[in-house]
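In case it helps, mature numbering (1 follows the signal peptide of the UniProt record, and there is no 0) puts the sequence shown at residues -17 to -1, 1 to 240.
The C-beta atom is built at its ideal place from N, Cα and C for all residues, glycine as well.
As structure tokens, the structure follows; a few thoughts come after it.
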Amino acid sequence: MKLLAALLLVLAPVATPAPTDQVVISNGHVDLGPRFVDGTWTLQLRDDTVDPAVWRPVENVVLQATARSQVAVPSDPAYAFLGKAGQKVWVIPQVQQDGVVWPGWNTQDPQVASRVARDVTWSLEGVRGPGTFTLFLNSDFGKPSPVFDSRKPFPQQTGVDVNTHVHGNWTFDAPGTYLLDVAMTAELTDGQHVTDRRTLRIYAGDGDARTAFTAGQATPTNNTTTTAEAPSKLPWIVGCAGLLAVLAVLTIVRRRR
């Protein structure tokens, strides 16, 4: 019995800890999705560009849309939301292309598939970046079906069926770092409500994408909620103090006279 127990222990699958290194992925397949990590609902990125595939912390990854992903906006009015016809934009496509990163989203983690009651709600809470971000799907008739658009009010939400794997078109109309404030939420079969919120970093262009790791203060879009700092009271206090000092000196001079 002791020998059998020891053998089973050796053969048992070992949980591989998530890599802690920061990586830029500009080619190949990745997926955004929820998992149960040490029992906690956690949003991570599955990296299939390495063998074997690994799940990485979202904050440790920058997805880069290089010049290979640049296309001209079609003249079809249905795509006018991307910009003017002929304008160059970065589009990470719904269908995989060689040399271009291919991000999707999935709810296929075994525990997610078995413990989520119905579906997963994916929400975009805000976007910071130098331009407009959109995510859309190509419908069966070839027309774009919008999912997210950084010009619209936040939060924006879409439902993701359990045990599914989806890809879409991620678009950016200006080069630079985009910080996508995303969350995934679900109700479990035991009635528990779970959610996790992270910042997904995407870099459009051929520049140094690693700068996105420290781009926490990127310029917000018009619809990103920001907290305005209260005006400093120091200049007013200093001004009042100076005025009081001048008045005191004048009073002393008058008394001496």
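DSSP state of A187 mapped onto helix, strand, coil: Sequence index remark: in the sequence shown, residue 187 carries index 204 (1-based). Residue state, collapsed to three classes: strand.
Straight-line Cα distance separating N43 from T104: Numbered from 1 along the sequence shown, position 121 holds the residue referred to as residue 104. Numbered from 1 along the sequence shown, position 60 holds the residue referred to as residue 43. Taking the straight line joining both Cα atoms gives about 23 Å.
Cα-Cα separation between H176 and W85, rounded to whole angstroms: Looking up residue 176 in the sequence shown gives position 193. Looking up residue 85 in the sequence shown gives position 102. Taking the straight line joining both Cα atoms gives about 30 Å.
8 Å Cβ cutoff met for T154 and V72: The residue labelled residue 154 in the question sits at position 171 within the sequence shown. The residue labelled residue 72 in the question sits at position 89 within the sequence shown. A contact, by the Cβ cut-off of 8 Å.
S58 to V74 span [Cα, whole Å]: Taking the sequence shown and counting its residues from 1, the one referred to as residue 58 is at position 75. Taking the sequence shown and counting its residues from 1, the one referred to as residue 74 is at position 91. For S58 and V74, the distance between alpha carbons rounds to 16 Å.
Spatial distance of Y62 from P35 (CA atoms): If you number the sequence shown from 1, residue 62 lands on position 79. If you number the sequence shown from 1, residue 35 lands on position 52. Rounded to whole angstroms, Y62 and P35 show a C-alpha spacing of 38 Å.
For Y161, the residue or residues it bridges with in DSSP: Position 178 of the sequence shown, counted from the start, is the residue given in the question as residue 161. Answer is I185, bridged to Y161.
Cβ-Cβ distance between A100 and L171 below 8 Å: Stepping through the sequence shown from its first residue, residue 100 is reached at position 117. Stepping through the sequence shown from its first residue, residue 171 is reached at position 188. Yes, the pair counts as a contact, with Cβ atoms nearer than the cut-off.
DSSP three-state assignment for A36, whether helix, strand or coil: In the sequence shown, residue 36 corresponds to position 53, counting from 1. DSSP places A36 in coil when its eight states are reduced to three.
Same chain, Cβ closer than 8 Å to P218, neighbours up to 5 away in sequence not counted: For the purposes of this step, residue 218 is taken as the residue at position 235 of the sequence shown. Interpretation of P218 is limited by its pLDDT of 36, a score under 50 that renders its predicted location unreliable; no figure is taken from the coordinates.
Residues bridged to K71 [DSSP beta-bridge criterion]: Working through the sequence shown from its first residue, we reach residue 71 at position 88. BP columns for K71 point to A55.
First and last residue of the uninterrupted alpha helix (DSSP H) at A96: In the sequence shown, the residue the question calls residue 96 occupies position 113. Unbroken alpha helix (DSSP H) run through A96: 93 to 98.
The region 42 to 56 / the region 117 to 136 touching (three or more Cβ pairs under 8 Å): no
Simplified DSSP assignment, three categories, for A198: As a first step, residue 198 must be located in the sequence shown, where it is residue number 215. In the structure shown, A198 sits in coil (DSSP, three-state: anything other than H, G, I, E or B).
Assigned secondary structure, N121 (DSSP; H/G/I helix, E/B strand, else coil): Taking the first residue of the sequence shown as position 1, residue 121 is located at position 138. In this structure, N121 counts as strand in the three-state DSSP scheme.
T115 and D156 closer than 8 Å at C-beta: Taking the sequence shown and counting its residues from 1, one reaches residue 115 at position 132. Taking the sequence shown and counting its residues from 1, one reaches residue 156 at position 173. Yes.
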